[in-house]
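Q: Dropping a structure here in structure tokens format, bear with me for questions.
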Amino acid sequence: AQNWVPKHAPERLRFKVAETLPAEAARRLTQKQKQGLTQLAADISSRDFTPVELHNHIYELAQKVCLKAPELFKAIYLVLLGRESGPRAGSFISVLDREFVISRLKEATF
């Protein structure tokens with residue numbers, strides 16, 4: 126599988142966490158997206174989520190900040206992957222280092 130993915134998997138299945146915040150991503154974020162990311166960082170730092178709970182929480186959070194859910198997911202993928210789409214967000218974020226995620230989300234909103 127390790128060799129198959131880079132050579133044969135469709136582009137939508139290939140992704141890599143950006144080592145640094147993609148500059149283009151930070152510039153493209155709207156104020157509402159930044160607000161959603163700021164709140165998501167605070168929520169992740171204050172409580173534990175299962176992958177499903179986190180995914181559902183992102184939907185609820187988008188509604189709370191008056192943003193369409195796909196726009197918040199896009200912001201998450203932009204700051205973590207440098208692209209507009211990626212794997213299921215709750216599961217993906219859950220396997221990343223918690224402090225890394227919190228730090229990256231905060232960095233993207235300054």
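Numbered as in our numbering, the sequence shown ends at 235 without a single skipped number. Ideal Cβ positions, reconstructed from N, Cα and C, are used throughout, including at glycine.
Quick one: using the 10 Å Cβ neighbour count with 16 as the cut-off for buried, is residue 219 buried or exposed?
A: Counted from its first residue, the sequence shown places residue 219 at position 94. So residue 219 ends up on the buried side.
Q: Could you pull out every residue in the same chain whose Cβ sits closer than 7 Å to the Cβ of residue 146, ignoring the five residues on either side in sequence?
A: In the sequence shown, the residue the question calls residue 146 occupies position 21. Cβ neighbours of residue 146 beyond the five flanking positions: 204, 229, 232 and 233.
Q: Return the CA-CA distance between residue 190 and residue 155, expressed in angstroms with no decimal places.
A: Locating residue 190 in the sequence shown gives position 65, where the first residue counts as 1. Locating residue 155 in the sequence shown gives position 30, where the first residue counts as 1. When rounded, the distance between both Cα atoms is 12 Å.
Q: Only counting the same chain, and skipping five residues up and downstream in sequence, which positions put a Cβ closer than 7 Å to that of residue 166?
A: Taking the first residue of the sequence shown as 1, we reach residue 166 at position 41. Around residue 166: 227, 230 and 231.
Q: Suppose only complete runs of 3+ residues qualify. What are the beta strand (DSSP E) ranges in the stretch 143–170, listed by chain order?
A: Runs of the beta strand (DSSP E) inside the stretch 143–170: none found.
Q: By the 10 Å Cβ neighbour count, where 16 or more other Cβ atoms means buried, how is residue 150 classified, buried or exposed?
A: Against the sequence shown, residue 150 aligns to sequence position 25. By the 10 Å Cβ count, residue 150 comes out buried.
Q: Please report how far the alpha carbon of residue 141 lies from the alpha carbon of residue 162, in whole angstroms.
A: Locating residue 141 in the sequence shown gives position 16, counting from the first residue. Locating residue 162 in the sequence shown gives position 37, counting from the first residue. Looking at the two C-alpha atoms, the distance is approximately 20 Å.
Q: If you draw a straight line from the C-alpha of residue 210 to the C-alpha of residue 201, how long is it?
A: Taking the first residue of the sequence shown as 1, we reach residue 210 at position 85. Taking the first residue of the sequence shown as 1, we reach residue 201 at position 76. C-alpha separation (whole angstroms): 9 Å.
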